[in-house]
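Residue numbers (full-length UniProt numbering): 1 to 375.
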């Protein structure tokens, strides 16, 4: 199967979706309003994983638009289109340089699937100014900044670029001596795994990996995504020498219970994928109010799940990807939550590795929702 031909069969409008999922008249009307603002794009492979008899099916929640996406403000607090502060760190040519040692290159705005919980929802799938027009310009910026030790090629989904586009991108990074490794962030192993049955792609990645370490952070959120095809896609990457890590997002109605988290982390290990991050859902407009779990509730769910995991399964960090930097949620004592800052913005080096303490509230799901408190 030619993966590019199969992409043409993606479900991208409500009329096509109705062939797969039953919609009430009200749901259909809401959905048409939603997709005008945030496009729908679902591979047939992933849509086939939906339990059509269950309106609360977790796979459906991640791919099919819901009326809750019309909510832009509500009881959980403020929302934003740019929770990670991407715009502040845009250096042109698609480069986001937020941490001194890491350059993130937005290589494409296109994904094989537009996840309904996406934190770049405002830009993915739409024309925007953050698409790389000239990757060589991005590579020049990286070469001129020796403090950059690693590059993340992101998007969108870089693996939806043809091999003939990916090859010169990687070649442009291959000879930069101060780069220790390169990451290509992708949800394609989960939602469009047939991409990784392309022998030319696998040979391209294996060759680059011989010169500079290559990692693929992927994004399994639920055990039902771990199909035999997805497992084989991961195995194909691993057989090419690629290290695969997982960055899940903690999502209400998808994985916000201890049984699911235990099954997810154990399932990753069975595939040879390292559980790396579990992200708190960001306060993104049209996402927060139906996907974000309050921290007070979420910390307890995750702690109960961790008690049932072995050492490798519980290695993941529970993370807030905040504008000020990445924060690990270390846990809580009574109603006080403890954060450890892992990275800090340029000019704020003193903030790296600091501890922050906040007062938990019943509904607070983000650092900014929680009052400062002394211990």
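Cβ coordinates follow ideal geometry from the N, Cα and C atoms, glycine included. Predicted model only: the values in this text are computed from it and were never measured.
Exposure label - residue i; buried when at least 16 CB within 10 Å
i: residue 10; result: buried
i: residue 312; result: exposed
i: residue 187; result: buried
i: residue 126; result: Note that residue 126 scores a pLDDT of 43, beneath 50, so its modelled location is shaky; the value from the coordinates is reported in the next line. Per the 10 Å Cβ criterion, exposed.
i: residue 228; result: exposed
i: residue 4; result: exposed
i: residue 103; result: buried
i: residue 347; result: exposed
i: residue 362; result: exposed
i: residue 19; result: exposed
i: residue 203; result: exposed
DSSP three-state assignment for residue i, whether helix, strand or coil
i: residue 331; result: strand
i: residue 324; result: coil
i: residue 353; result: coil
i: residue 212; result: coil
i: residue 43; result: coil
i: residue 292; result: coil
i: residue 168; result: helix
i: residue 404; result: Residue 404 is absent from the structure shown; the chain starts at 1 and stops at 375.
i: residue 107; result: coil
i: residue 341; result: strand
i: residue 129; result: With a pLDDT of 44 at residue 129, under the threshold of 50, the modelled position of this residue cannot be trusted; read the value that follows with caution. Of the three classes helix, strand and coil, the one that applies to residue 129 here is coil, per DSSP.
i: residue 18; result: coil
i: residue 89; result: Confidence at residue 89 is low in this model, with a pLDDT of 46, below 50, so the placement of that residue should be treated as unreliable; the coordinate-derived value is given next. The answer is helix: DSSP assigns residue 89 an H, G or I state.
i: residue 112; result: coil
i: residue 150; result: strand
i: residue 260; result: helix
Proximity of residue i and residue j at Cβ, strictly below 8 Å
i: residue 55; j: residue 31; result: no
i: residue 330; j: residue 314; result: no
i: residue 296; j: residue 360; result: yes
i: residue 169; j: residue 107; result: yes
i: residue 222; j: residue 255; result: yes
i: residue 205; j: residue 242; result: yes
i: residue 120; j: residue 62; result: no
i: residue 34; j: residue 113; result: no
i: residue 248; j: residue 264; result: yes
i: residue 230; j: residue 275; result: no
i: residue 319; j: residue 280; result: yes
i: residue 421; j: residue 101; result: Within the shown structure, residues of the chain are numbered from 1 to 375, placing residue 421 beyond reach of any answer.
i: residue 364; j: residue 294; result: yes
i: residue 111; j: residue 157; result: yes
i: residue 373; j: residue 326; result: no
Integer-rounded CB distance, given that residue j should sit under 8 Å from residue i
i: residue 226; j: residue 267; result: 5 Å
i: residue 258; j: residue 304; result: 5 Å
i: residue 69; j: residue 286; result: 4 Å
i: residue 354; j: residue 370; result: No, residue 354 and residue 370 are not in contact; Cβ-Cβ is about 16 Å, not under 8 Å.
Does the structure place the region 170-184 close enough to the region 205-218 that three or more beta carbon pairs sit under 8 Å? yes
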